[in-house]
Amino acid sequence: MTSTGYQHAPTDDPQSVPIRDAATVLVVRDAPKLQVLMLQRGSRLAFGPQAWVFPGGRVDSDDAHHGDRVGRGLSDAQASALLDVPADGLAWWFAACRETLEEAGLLLGDTGTTHDVVERLRAVAADDPGRFVETLEAEGVTLDLTSLHEIARFTTPVGPPRRFDTRFFLAAAPEGQVATHDQGETVDLAWIEPAEAIARWRAEQMPIMPVTVRMLSCLARFETAAEALSVAASRPATQKVRIADPDGEYRVLMPGESGYDEAEIQIDHGWVRLWKT
58 MTSTGYQHAP
68 TDDPQSVPIR
78 DAATVLVVRD
88 APKLQVLMLQ
98 RGSRLAFGPQ
108 AWVFPGGRVD
118 SDDAHHGDRV
128 GRGLSDAQAS
138 ALLDVPADGL
148 AWWFAACRET
158 LEEAGLLLGD
168 TGTTHDVVER
178 LRAVAADDPG
188 RFVETLEAEG
198 VTLDLTSLHE
208 IARFTTPVGP
218 PRRFDTRFFL
228 AAAPEGQVAT
238 HDQGETVDLA
248 WIEPAEAIAR
258 WRAEQMPIMP
268 VTVRMLSCLA
278 RFETAAEALS
288 VAASRPATQK
298 VRIADPDGEY
308 RVLMPGESGY
318 DEAEIQIDHG
328 WVRLWKT
């Protein structure tokens, strides 16, 4: 059965579940219409087993410093202002790049690096993450962080066994690079039109988590990757996410959707920039 909502956690104190910072990337290309990269998680994973997701993962404590060392085009002060945080905003951009490389083999914000170097960097990111930044420096690779545009933020509501405060980014697929899953945490990969992914989810052919469905809905409103990227770069006003909770299973609702005005649960950090009613 394809999951359509966040199941409540089997715990007597769901408020005690810690919230972890995370970064997720919607990598897009035109073929010829807009396609987005999705990965299928392994069946043995504790969170979202078998779900189709976008590349991403947790933000680590040293990520802001690492982003300052190998990133270009965006200072920590600028990144922090964009995210409305006091400091260390670069951490989300760097984490987004690292996790996309590790999970999908794409080095975002880079042009010209050979396939062999990208694969070597990917192996280091996965097997020896403490050496990842120095390996980037040794290879002379810097990351254009302006190529990633923040488009949404979502905090998992109270109830699920794991909770994340996730920033979503939009980025173009790097030219000349080939995406591959990591044969571990992710076991399959697809470039897919957002509307097709939603149709497969509705047909219970593709397990997709609620917020991922909603981000697909955002992308489905654009004909081309270039159009979506242009709008994202302009940083349109945010649209508030609301949560409905019928029968103990959360649903993510966006403005204009049935039930949005009646939804009782609103989360402080839940919004999107690309939603068009």
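Counting from 1, position 68 in the sequence shown corresponds to residue 125 in the working numbering; the numbering is continuous, with no gaps.
We treat Cβ as the ideally placed atom computed from N, Cα and C, and that holds for glycine.
### Task
Could you name each continuous alpha helix (DSSP H) segment of 4 residues or more that falls completely within the segment 222–296, going from the start of the chain to the end?
251–259, 267–276, 282–290
### Message
Assuming contact is defined by CB atoms lying nearer than 8 Å, are residue 269 and residue 111 in contact in what I supplied?
### Response
Locating residue 269 in the sequence shown gives position 212, where the first residue counts as 1. Locating residue 111 in the sequence shown gives position 54, where the first residue counts as 1. Cβ distance < 8 Å, so residue 269 and residue 111 count as in contact.
### Task
Could you check if residue 327 is buried or exposed, using at least 16 other CB atoms within 10 Å of its CB as the buried criterion?
Counting from 1 along the sequence shown, the entry for residue 327 is found at position 270. Residue 327 should be labelled buried.
### Query
CA-CA distance, residue 61 and residue 196?
On the sequence shown, position 4 is the one that residue 61 refers to. On the sequence shown, position 139 is the one that residue 196 refers to. Residue placement at residue 61 cannot be trusted, given a pLDDT of 40 that sits under 50; what the coordinates show is reported in the next sentence. If you take the alpha carbons of residue 61 and residue 196, they lie about 43 Å apart.
### Task
Evaluate contact between the segment 199–206 and the segment 220–238, counting only Cβ atoms and requiring at least three cross-stretch pairs below 8 Å.
yes
### Message
Whole angstroms are fine: how far does the CA of residue 148 sit from the CA of residue 119?
### Response
By one-based count along the sequence shown, residue 119 stands at place 62. By one-based count along the sequence shown, residue 148 stands at place 91. One C-alpha to the other measures close to 7 Å.
#### Entry: Between the CA atoms of residue 116 and residue 253 - distance to the nearest angstrom
Along the sequence shown, one-based indexing puts residue 253 at 196. Along the sequence shown, one-based indexing puts residue 116 at 59. Roughly 30 Å between the two C-alpha positions.
### Message
Using 8 Å as the threshold, is the C-beta distance between residue 91 and residue 276 below it?
### Response
Against the sequence shown, residue 91 aligns to sequence position 34. Against the sequence shown, residue 276 aligns to sequence position 219. Yes, Cβ-Cβ distance for residue 91 and residue 276 is below 8 Å.
### Query
From what residue to what residue does the beta strand (DSSP E) around residue 113 run?
As a first step, residue 113 must be located in the sequence shown, where it is residue number 56. Residue 113 -> beta strand (DSSP E) spans 113–115.
### Query
Which of helix, strand or coil does DSSP assign to residue 207?
Within the sequence shown, the letter at position 150 stands for residue 207. It is a strand residue.
### Query
Can you give the Cα-Cα distance for residue 88 and residue 271, rounded to whole angstroms?
Here the question's residue 88 lines up with position 31 in the sequence shown. Here the question's residue 271 lines up with position 214 in the sequence shown. Each residue's alpha carbon lies about 22 Å from the other.
### Query
Residue ranges of each alpha helix (DSSP H) run of no fewer than 4 residues wholly in the segment 100–180, ordered along the chain?
120–127, 133–140, 147–161
### Task
Take the Cβ of residue 235 as the centre, count every other Cβ of all protein chains shown within 10 Å, and call the residue buried at 16 or more, exposed below.
As a position in the sequence shown, residue 235 is number 178, starting the count at 1. Result: exposed.
### Task
For residue 199, name the three-state secondary structure that DSSP assigns.
Residue mapping note: residue 199 aligns to position 142 of the sequence shown, counting from 1. Correct three-state label for residue 199: coil.
### Query
By Cβ distance, which residues of its chain are closer than 6 Å to residue 208, with the 5 residues on each side in sequence left out?
Stepping through the sequence shown from its first residue, residue 208 is reached at position 151. Only 225, 227, 289, 330, 331 meet the Cβ criterion.
#### Entry: C-beta contact flag for residue 162 and residue 179 at 8 Å
For the purposes of this step, residue 162 is taken as the residue at position 105 of the sequence shown. For the purposes of this step, residue 179 is taken as the residue at position 122 of the sequence shown. Closer than 8 Å, so yes.
### Query
With which residues is residue 327 paired in a DSSP beta bridge?
Counting from one through the sequence shown, the residue named residue 327 turns up at place 270. DSSP, once it has assigned bridges, lists 211 as partnering residue 327.
### Query
For residue 315, does the count of other Cβ atoms within 10 angstroms reach 16, so buried, or fall short, so exposed?
Here residue 315 refers to the residue found at position 258 of the sequence shown. Burial call: exposed.
### Task
Alpha carbon to alpha carbon, how far is residue 273 from residue 164? Give it in angstroms, no decimals.
Numbered from 1 along the sequence shown, position 107 holds the residue referred to as residue 164. Numbered from 1 along the sequence shown, position 216 holds the residue referred to as residue 273. The alpha-carbon atoms of residue 164 and residue 273 are separated by roughly 22 Å.
### Task
Would you grab the beta carbon distance between residue 141 and residue 133 for me? Rounded to a whole angstrom, and I think it's under 8 Å.
Residue 141 sits at position 84 when you count from the first residue of the sequence shown. Residue 133 sits at position 76 when you count from the first residue of the sequence shown. With 8 Å as the limit, residue 141 and residue 133 do not qualify as a contact, their Cβ atoms being about 14 Å apart.
### Task
Could you name the residues of the same chain whose beta carbon sits closer than 8 Å to that of residue 76, not counting the 5 residues immediately before and after it, in chain order?
Counting from 1 along the sequence shown, the entry for residue 76 is found at position 19. Cβ neighbours of residue 76 beyond the five flanking positions: 212, 213, 220, 221, 222.
### Query
Taking buried to mean at least 16 other C-beta atoms within 10 Å of its own C-beta, is residue 156 buried or exposed?
Residue numbering aside, residue 156 sits at position 99 when the sequence shown is read from its first letter. The residue is buried, with at least 16 neighbouring Cβ atoms inside 10 Å.
### Task
Run the CB neighbour count on residue 172, radius 10 Å, all protein chains shown included, and call it buried at 16 or more, exposed below.
Against the sequence shown, residue 172 aligns to sequence position 115. The residue is exposed, with fewer than 16 neighbouring Cβ atoms inside 10 Å.
### Message
Checking the sheet assignment: what are the DSSP bridge partners for residue 192?
### Response
In the sequence shown, residue 192 corresponds to position 135, counting from 1. Partner(s): none; residue 192 has no beta bridge.
### Query
With burial defined as no fewer than 16 other Cβ atoms inside 10 Å of the residue's Cβ, what is the status of residue 143: buried or exposed?
In the sequence shown, the residue the question calls residue 143 occupies position 86. Residue 143 should be labelled exposed.
### Message
I'd like to know whether the C-beta atoms of residue 320 and residue 310 end up nearer to each other than 8 Å.
### Response
The residue labelled residue 320 in the question sits at position 263 within the sequence shown. The residue labelled residue 310 in the question sits at position 253 within the sequence shown. Yes, these two residues count as a Cβ contact at 8 Å.
### Task
Go ahead and label residue 263 buried or exposed: buried means 16 or more other beta carbons lie within 10 angstroms of its beta carbon, across all protein chains shown.
The sequence position of residue 263 within the sequence shown is 206, counting from 1. Buried, since its Cβ has 16 or more Cβ neighbours within 10 Å.
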